[in-house]
Amino acid sequence: MDTRSLNTWVELSSAAYAANLRFFRARVGTGVELSAVVKANAYGHGWREIAELAVRSGADSFCVHSLEEAQELRAAGFGHDVLIMGHVPLARLEEAVLGGFRLVLYNLESLERLGEITARLGTTVRVHLKLETGTYRQGVDEQNLPGFLAALKARSSLRLEGIYTHFANIEDTTSHDFAFEQRWRFERMAAMVEAFGFAPLLRHAACSAATLLFPETHLGMVRLGISQYGLWPSKETFLSYTLEHGRSAAPVLEPMLAWKTRISQLKTVPAGSYVGYGCSFQTTRETRLAVLPVGYSDGYDRRLSNQAHVLVRGRRAPVRGRICMNLMMVDVTDVPGVELEEEVVLLGRQGEQQISADQLATLVGTIAYEIVARIRAGIPRLVV
Ligand SMILES: *Cc1c(COP(=O)(O)O)cnc(C)c1O
53 MDTRSLNTWV
63 ELSSAAYAAN
73 LRFFRARVGT
83 GVELSAVVKA
93 NAYGHGWREI
103 AELAVRSGAD
113 SFCVHSLEEA
123 QELRAAGFGH
133 DVLIMGHVPL
143 ARLEEAVLGG
153 FRLVLYNLES
163 LERLGEITAR
173 LGTTVRVHLK
183 LETGTYRQGV
193 DEQNLPGFLA
203 ALKARSSLRL
213 EGIYTHFANI
223 EDTTSHDFAF
233 EQRWRFERMA
243 AMVEAFGFAP
253 LLRHAACSAA
263 TLLFPETHLG
273 MVRLGISQYG
283 LWPSKETFLS
293 YTLEHGRSAA
303 PVLEPMLAWK
313 TRISQLKTVP
323 AGSYVGYGCS
333 FQTTRETRLA
343 VLPVGYSDGY
353 DRRLSNQAHV
363 LVRGRRAPVR
373 GRICMNLMMV
383 DVTDVPGVEL
393 EEEVVLLGRQ
403 GEQQISADQL
413 ATLVGTIAYE
423 IVARIRAGIP
433 RLVV
């Protein structure tokens, strides 16, 4: 697609993605299932484009949050296993069974309903039991586990394929005692499951941070989210990794996403002018302003008002005034020769300069995950 016909678009580097997946395949080895987490529109990258790249780069399966996401993958022709990690409404479990997906299990009600459905249809369903090890999100806790396993055992059409858990405190710290505690709880509960006669099972626990930091958590499968896209889960994860491996050994995860736009108006305003809603910025000099056709409804956070920079002709241009719903203004006074419809980088590299998801996240007090996940799905994604 010719980007000159677009006001804003996202570019995805297939080379960066492939390099990231090569790194992770080498890290986990060939015996471990490498599952690409493509929930939330592949963290805002574009699920269809990422699913295609993932398959091409050797990912073994997908993890999604919702039934809709799983159905979209199937409808687009992806035949790989898909684990639905979020709740499927009881009323839609039959669709999930018919779709042949792997389903997370942690509610007795879902278990019973799946039992009825599979018995009625004369079919089976693969389930992955989620074990509560201390995150207190989804999962069956240890004291309820025997009762849950008994109910599962009574329903032979539910095929327990896997057990898994999720760590609460790897990304936010460089001290990982809590994660180790969760791992031991997981081991203890896994032993209970196997004592019930369910072996051998696919076990999995590792998100990006665990995959990067703790090979002993790789088990049978890793659920790779943010890092496949070339973003570190956190500064703490980067720090922990480099403490362990040395700075030079840090894998060069390559961010694959660039978010771009084009200037839709240029104007020169006198010193002392106010810019945008609320008159939150006043120029102190004659200023060359560029209007950009991107706003908070596109996922460019309104809290970046008067905070962020964008890249124009390889230079950083500051955001002036409030981010509007569909528009924003930047100061290009110090960037000579700027023209209408000139390409502007909101996120990514241009020349020597880079605007990273981490930088934007720090400015608004969130994490890189949220910065990319909120990029509006309707914006075209171009694989380059
Ligand atoms: C989102 C998610 C992941 C992926 O986490 P990253 O930190 O992005 O790698 C893994 N497991 C579960 C259960 C998740 O919800």
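Here the numbering used here runs 52 ahead of the position in the sequence shown, where the first position is 1.
By construction, the Cβ of each residue, glycine as well, lies at the ideal position given by its N, Cα and C atoms.
- Gly-199 - containing alpha helix (DSSP H), residue span: Going by DSSP, Gly-199 is part of the alpha helix (DSSP H) stretching over 197–205.
- By how many angstroms is the C-alpha of Leu-64 removed from the C-alpha of Phe-200? It is roughly 43 Å from the alpha-carbon of Phe-200 to the alpha-carbon of Leu-64.
- For Glu-213, does the three-state DSSP call read helix, strand or coil? Three-state DSSP puts Glu-213 in a strand.
- Message: If you follow the alpha helix (DSSP H) that Trp-236 is in, where does it begin and where does it stop?
- Response: Looking at the DSSP string, the run of the alpha helix (DSSP H) that includes Trp-236 is 229–247.
- Task: Could you check the C-alpha separation between Leu-166 and Arg-154 for me, to the nearest Å?
- Result: If you draw a straight line from the Cα of Leu-166 to the Cα of Arg-154, it is about 12 Å long.
- C-alpha gap between Ala-413 and Glu-422, whole angstroms: Whole-angstrom Cα-Cα distance: 8 Å.
- Give the C-beta separation of Val-149 and Phe-114 to the nearest angstrom, bearing in mind that I take them to be a contact with Cβ-Cβ under 8 Å. Rounded to whole angstroms, the Cβ separation of Val-149 and Phe-114 is 18 Å, and the two are not in contact under 8 Å.
- Query: Does the beta carbon of Tyr-244 fall short of 7 Å from some heavy atom of ligand 1?
  - Reply: It should be pointed out that residue 244 corresponds to Met in this sequence rather than to Tyr. No, since every heavy atom of ligand 1 falls outside the 7 Å radius drawn around the Cβ of Met-244.
- Residue environment, Val-192, which counts as buried when at least 16 other CB atoms sit within 10 Å: Its Cβ being crowded by 16 or more others within 10 Å, Val-192 is buried.
- Item | Where Arg-365 sits in the DSSP three-state scheme | Under the three-state reduction of DSSP, Arg-365 is assigned to coil, being neither helix nor strand.
- So is Glu-395 in contact with chain C if we call contact Cβ pairs under 8 Å? No chain C is present in this structure, which holds just one protein chain.
- Helix, strand or coil: how does DSSP classify Cys-115 here? Three-state DSSP puts Cys-115 in a strand.
- Please name the residue in Thr-170, Arg-237, Ala-242, Ser-279 whose C-alpha comes closest to that of Ser-208. The shortest C-alpha separation from Ser-208 is found at Thr-170.
- How would you label Gln-402, buried or exposed, when you count the other beta carbons within 10 angstroms and need 16 or more for buried? Its Cβ being crowded by 16 or more others within 10 Å, Gln-402 is buried.
- Taking only runs that begin and end inside the segment 85–145, name each unbroken beta strand (DSSP E) of 3 or more residues, in chain order. For the segment 85–145, whole beta strand (DSSP E) runs of length 3 or above, ordered along the chain, are 85–89, 113–116, 134–136.
- Are there three or more Cβ pairs, one per stretch, closer than 8 Å when the segment 371–384 is compared with the segment 340–352? The segment 340–352 and the segment 371–384 touch, with three or more beta-carbon pairs separated by less than 8 Å.
- Item | 8 Å contact criterion, which Met-308 and Tyr-281 should meet: CB distance rounded | Contact holds; Cβ gap of about 6 Å.
- For Ala-261, verify whether its CB is less than 7 Å away from any heavy atom of ligand 1. Ala-261 has its Cβ nearer than 7 Å to a heavy atom of ligand 1.
- Query: Given a threshold of 16 other Cβ atoms within 10 Å of its Cβ, counted over all protein chains shown, does Tyr-293 qualify as buried or as exposed?
  - Reply: With 16 or more other Cβ atoms within 10 Å, it is buried.
- Message: So within the segment 357–402, which uninterrupted beta strand (DSSP E) runs reach at least 3 residues, ignoring any that extend past its ends?
- Response: Assignment of beta strand (DSSP E) within the segment 357–402, counting only whole runs of 3 or more residues, yields 361–364, 367–372, 380–383, 395–402 in chain order.
- Do you know how far the Cα of Gly-400 is from the Cα of Gly-373? Approximately 22 Å, taken between the alpha carbons.
- Query: Leu-181 to Asn-196, Cα distance in whole Å?
  - Reply: Computed Cα separation, rounded: 13 Å.
- Task: Using 7 Å as the cut-off, classify the Cβ of Arg-275 as near or not near the heavy atoms of ligand 1, replying yes or no.
- Result: The answer is yes for Arg-275.
- Query: To the nearest whole angstrom, what separates the beta carbons of Val-371 and Ser-349, a pair I think is in contact under 8 Å?
  - Reply: Actually they do not touch by this definition, with Cβ atoms about 16 Å apart.
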